[in-house]
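Residue numbers (my numbering): 301 to 621.
Below is the structure:
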């Protein structure tokens with residue numbers, strides 16, 4: 301799918317593109333392609349002289365492939381954006397940006413919420429965008445805001461997990477559910493941190509290349525400051541995740557120790573009856589109680605009493621709680 305946007309009075313207005321002629325008759329500031337087909341790639345190449353990278357090229361992690369200037373002067377950037385899905389775990393989608401002929405070209409495989417937010421805000425805030433570089437910086441700034449919202453969601457989820465973990469009685473089932481939730485939030489927090497690191501690198505590359513005017517340069521520095529604050533927040537969340545993980549594992553160990561304690565108490569309590577049964581089970585010819593009519597009930601009563609007495613003592617000391 302190809303989305304073309306023209307700039308009118310500081311607003312991004314989308315132009316409906318269905319054929320090649322539709323694309324030839326507009327002067328876009330931003331051409332956004334979501335999983336483009338061969339025809340759409342051919343249109344962009346023939347009309348604007350821009351060769352769009354393939355999926356493998358977009359995902360290339362080599363530093364030389366992520367930020368570079370082509371021989372014809374086109375500027376290429378690869379930046380990761382966070383995508384949270386309701387029916388699955390979050391993931392990172394790499395977007396290829398090409399700055400050429402006073403236009404911004406973006407290629408990605410999925411429709412991203414950051415891009416939808418930028419389009420909506422540009423329509424509702426006239427004058428916020430002056431050229432294609434403003435569009436790119438707005439994407440990076442919105443990405444930082446989107447990541448900040450995701451971090452707030454992580455904090456709220458961890459607060460819910462904390463209430464479950466720190467309740468009066470934590471069962472093994474509750475602990476397993478808490479560990480699963482903590483692991484998911486840790487994974488999302490790590491993705492956000494990695495995403496912000498990649499955005500910082502992209503913004504720094506634009507600043508080093510002296511491609512921005514004074515106002516855009518100040519905006520880029522503000523984006524970097526926002527990312528710096530998010531780094532501190534992710535570090536705080538990592539500490540909270542580690543605390544909850546240690547606390548949950550600790551409660552699991554306590555529950556296991558309670559079970560082991562019960563077995564230990566039972567084994568100690570049954571030692572005296574076992575000793576008594578062993579004594580009267582010896583096969584000697586002469587035993588004092590061998591011909592005693594009350595010997596059998598006496599031995600049974602003695603074993604029961606020797607078993608009950610330790611349990612009463614343990615209960616009095618609170619060792620069975």
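Even glycine gets a Cβ: it sits at the ideal position worked out from N, Cα and C.
_7 Å Cβ shell around residue 507 - same chain, five flanking residues per side excluded_ = Counting from one through the chain shown, the residue named residue 507 turns up at place 207. Within the same chain, residue 507 has close Cβ partners 517, 520.
*Is it right to say residue 608 is buried, meaning 16 or more other beta carbons lie within 10 angstroms of its own, or is it exposed?*
Sequence index remark: in the chain shown, residue 608 carries index 308 (1-based). It is exposed - the Cβ of residue 608 has fewer than 16 other Cβ atoms within 10 Å.
*If we call anything under 7 Å between Cβ atoms a contact, is residue 382 one with residue 367?*
For the purposes of this step, residue 382 is identified with residue 82 of the chain shown, where counting begins at 1. For the purposes of this step, residue 367 is identified with residue 67 of the chain shown, where counting begins at 1. Contact flag unset, no.
*Is it buried or exposed for residue 336, if we count other Cβ within 10 angstroms and need 16 for buried?*
Counting from one through the chain shown, the residue named residue 336 turns up at place 36. Buried, by the Cβ-count rule.
*asked:* Would residue 329 and residue 315 be called neighbours here (beta carbons separated by less than 7 Å)?
replied: Along the chain shown, read from residue 1 onward, the residue named residue 329 stands at position 29. Along the chain shown, read from residue 1 onward, the residue named residue 315 stands at position 15. No.
*Measuring CB to CB, does residue 414 end up less than 7 Å from residue 379?*
In the chain shown, residue 414 corresponds to position 114, counting from 1. In the chain shown, residue 379 corresponds to position 79, counting from 1. Not a contact, by the Cβ cut-off of 7 Å.
*So residue 439 and residue 418 are in contact, right, with Cβ under 8 Å, and what is the actual spacing, rounded?*
As a first step, residue 439 is located in the chain shown; it is residue number 139 there, counting from the start. As a first step, residue 418 is located in the chain shown; it is residue number 118 there, counting from the start. At roughly 6 Å, the Cβ-Cβ gap stays under 8 Å, so residue 439 and residue 418 are in contact.
*Are the CB atoms of residue 491 and residue 534 nearer to each other than 7 Å?*
In the chain shown, counting from the first residue as 1, residue 491 sits at position 191. In the chain shown, counting from the first residue as 1, residue 534 sits at position 234. Contact: no.
*To the nearest whole angstrom, what separates the beta carbons of residue 478 and residue 548, a pair I think is in contact under 8 Å?*
Counting from one through the chain shown, the residue named residue 478 turns up at place 178. Counting from one through the chain shown, the residue named residue 548 turns up at place 248. Their Cβ separation, rounded to whole angstroms, is 5 Å, which keeps residue 478 and residue 548 in contact under 8 Å.
*Report the three-state DSSP secondary structure of residue 514 (helix, strand or coil).*
Counted from its first residue, the chain shown places residue 514 at position 214. Correct three-state label for residue 514: helix.
*asked:* Please report the straight-line C-alpha distance between residue 393 and residue 321, rounded to a whole angstrom.
replied: As a first step, residue 393 must be located in the chain shown, where it is residue number 93. As a first step, residue 321 must be located in the chain shown, where it is residue number 21. Distance between the alpha carbons of residue 393 and residue 321 is about 31 Å.
*Cβ-based neighbour list, residue 410, same chain, cut-off 8 Å, excluding 5 preceding and 5 following*: For the purposes of this step, residue 410 is identified with residue 110 of the chain shown, where counting begins at 1. Cβ neighbours of residue 410 beyond the five flanking positions: 334, 335, 383, 393.
*Report the three-state DSSP secondary structure of residue 437 (helix, strand or coil).*
On the chain shown, residue 437 is found 137 positions in, with the first residue counted as 1. Note: residue 437 maps to helix in three-state DSSP.
_Using a Cβ-based criterion (distance less than 6 Å to any ligand heavy atom), does residue 603 qualify as near the ligand GDP?_
This structure simply doesn't include the ligand GDP, nor any ligand for that matter.
*In terms of alpha-carbon separation, which member of 391, 524, 422 lies closest to residue 309?*
As a working note, residue 309 is residue 9 in the chain shown. For residue 309, the nearest C-alpha among the options comes from 422.
*Taking only runs that begin and end inside the segment 403-474, name each unbroken beta strand (DSSP E) of 3 or more residues, in chain order.*
403-408
_Through-space distance from residue 344 to residue 509, alpha-carbon basis_ = Within the chain shown, residue 509 is the residue found at index 209, counting from 1. Within the chain shown, residue 344 is the residue found at index 44, counting from 1. Spanning the two alpha carbons is a distance of roughly 26 Å.
*How would you write the range of the alpha helix (DSSP H) that residue 385 sits in, first residue to last?*
The count along the chain shown starts at 1 and reaches residue 385 at position 85. No alpha helix (DSSP H) holds residue 385; DSSP gives it neither H nor E.
*For the segment 487-575, which segments carrying the alpha helix (DSSP H) assignment without a break, of at least 4 residues, lie completely within its bounds, in sequence order?*
514-569
_Cβ-based neighbour list, residue 552, same chain, cut-off 6 Å, excluding 5 preceding and 5 following_ = Counting from one through the chain shown, the residue named residue 552 turns up at place 252. So the qualifying residues of the chain are 475.
_Neighbourhood of residue 461 by C-beta distance below 8 Å, restricted to the same chain and skipping five residues each side_ = Stepping through the chain shown from its first residue, residue 461 is reached at position 161. Cβ neighbours of residue 461 beyond the five flanking positions: 478, 481, 482, 485, 544.
*Identify, in the order they occur along the chain, each residue of the same chain with its Cβ nearer than 8 Å to the Cβ of residue 402, setting aside the five sequence neighbours on each side.*
As a working note, residue 402 is residue 102 in the chain shown. Result list for residue 402: 329, 431, 432, in chain order.
*Tell me which same chain residues have a C-beta within less than 7 Å of the C-beta of residue 363, skipping the five on either side of it?*
In the chain shown, the residue the question calls residue 363 occupies position 63. Its pLDDT being 49, under 50, residue 363 is placed unreliably in this model, and the value from its coordinates should be taken loosely. Excluding sequence neighbours, residue 363 sits near nothing in its chain.
_Length of the line joining the Cα atoms of residue 595 and residue 589_ = Here residue 595 refers to the residue found at position 295 of the chain shown. Here residue 589 refers to the residue found at position 289 of the chain shown. Looking at the two C-alpha atoms, the distance is approximately 6 Å.
*Hey, residue 331 and residue 405: beta-carbon distance below 7 Å or not?*
To locate residue 331, count along the chain shown from 1; it is residue 31. To locate residue 405, count along the chain shown from 1; it is residue 105. Yes.
*Test item: CB-CB of residue 313 and residue 304 under 7 Å*: As a first step, residue 313 is located in the chain shown; it is residue number 13 there, counting from the start. As a first step, residue 304 is located in the chain shown; it is residue number 4 there, counting from the start. Not a contact, by the Cβ cut-off of 7 Å.
*Can the beta-carbon of residue 537 be found closer than 7 Å to that of residue 503?*
Your numbering for residue 537 matches position 237 in the chain shown. Your numbering for residue 503 matches position 203 in the chain shown. No, the Cβ-Cβ distance between residue 537 and residue 503 is not below 7 Å.
*asked:* If distances are taken between C-alpha atoms only, which option among 371, 488, 349, 407 comes closest to residue 385?
replied: Against the chain shown, residue 385 aligns to sequence position 85. Nearest of 371, 488, 349, 407 to residue 385, Cα basis: 488.
_With H, G and I counted as helix, E and B as strand and the rest as coil, what does DSSP make of residue 330?_
Residue mapping note: residue 330 aligns to position 30 of the chain shown, counting from 1. Strand at residue 330.
_Starting from residue 312, trace the beta strand (DSSP E) in both directions and tell me its first and last residue._
Looking up residue 312 in the chain shown gives position 12. 311-315 is the span of the beta strand (DSSP E), which, as asked, contains residue 312.
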